[in-house]
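Counting from 1 along the sequence shown, just add 425 to a position and that's the residue number in this note's numbering.
Read through the structure below, which is laid out as structure tokens, and then see the notes.
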Amino acid sequence: MSSVFCVLFIACNIGRNENTSIKVSDNTRTFRFAADYPEYKSRAVRKYFENKFDNNPILKSSTSTEGTVKLNDGTIFQIEYEPGFFSINFNKEENSYSSYNRLKGVIADFDSVIKD
Numbered sequence: 426m427s428s429v430f431c432v433l434f435i436a437c438n439i440g441r442n443e444n445t446s447i448k449v450s451d452n453t454r455t456f457r458f459a460a461d462y463p464e465y466k467s468r469a470v471r472k473y474f475e476n477k478f479d480n481n482p483i484l485k486s487s488t489s490t491e492g493t494v495k496l497n498d499g500t501i502f503q504i505e506y507e508p509g510f511f512s513i514n515f516n517k518e519e520n521s522y523s524s525y526n527r528l529k530g531v532i533a534d535f536d537s538v539i540k541d
């Protein structure tokens, strides 16, 4: 049984390294974004978000980060990051409409970072 588990675990990791997907959910209360991408794109992803958020090092580690981000303008959101995966959970009730629009703009351009 343990050998089957190892094979499945490796297959899942291989798939995650090669596949790219972006999911966005936007409703009246939350804006959510999640992306799977090849791990070799992780450095570009970190730099992209740091540049878009006024050089705020929101991804403090090159291995993994999870927690709340508060930008200088008061925008607050949750992130989860590990090489090959990044997600944002943005609560609209805790943020301004301009913060929401700014985040949507950042996400709209994100696909250019992970495309080959």
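The C-beta atom is built at its ideal place from N, Cα and C for all residues, glycine as well.
Tell me whether residue i is buried or exposed, calling it buried when 16 or more other Cβ atoms sit within 10 Å of its Cβ.
i           : result
residue 465 : exposed
residue 520 : buried
residue 388 : No answer is possible for residue 388: it lies beyond the span of the chain, which begins at 426 and ends at 541.
residue 427 : Any reading at residue 427 must be qualified, since the residue scores a pLDDT of 43, below 50, and its modelled position is unreliable; no value is offered.
residue 524 : buried
Determine the closest residue to residue i out of the options, with distance taken between C-alpha atoms.
i           : options               : result
residue 532 : 444, 457 and 495      : 457
residue 509 : 452, 503 and 490      : 490
residue 478 : 518, 529 and 517      : 529
residue 505 : 536, 527, 467 and 517 : 467
For the beta strand (DSSP E) holding residue i, just list the boundary residues, first then last.
i           : result
residue 450 : 446-451
In chain order, what residues of the same chain lie with their CB nearer than 6 angstroms to the CB of residue i, ignoring the 5 residues before and after it?
i           : result
residue 473 : 538
residue 446 : 461
Quick one: give me the first and last residue of the alpha helix (DSSP H) that residue i is part of.
i           : result
residue 536 : 536-539
Below 7 angstroms, is the gap between the Cβ of residue i and the nearest heavy atom of the ligand NAP?
i           : result
residue 500 : As for the ligand NAP, it is missing from this structure, which has no ligand bound.
Could you tell me which uninterrupted beta strand (DSSP E) segments, each at least 3 residues in length, are contained entirely in the segment 443-527, listed from first to last along the chain?
List check, beta strand (DSSP E) in window: 446-451, 455-461, 490-495, 501-507 and 510-516.
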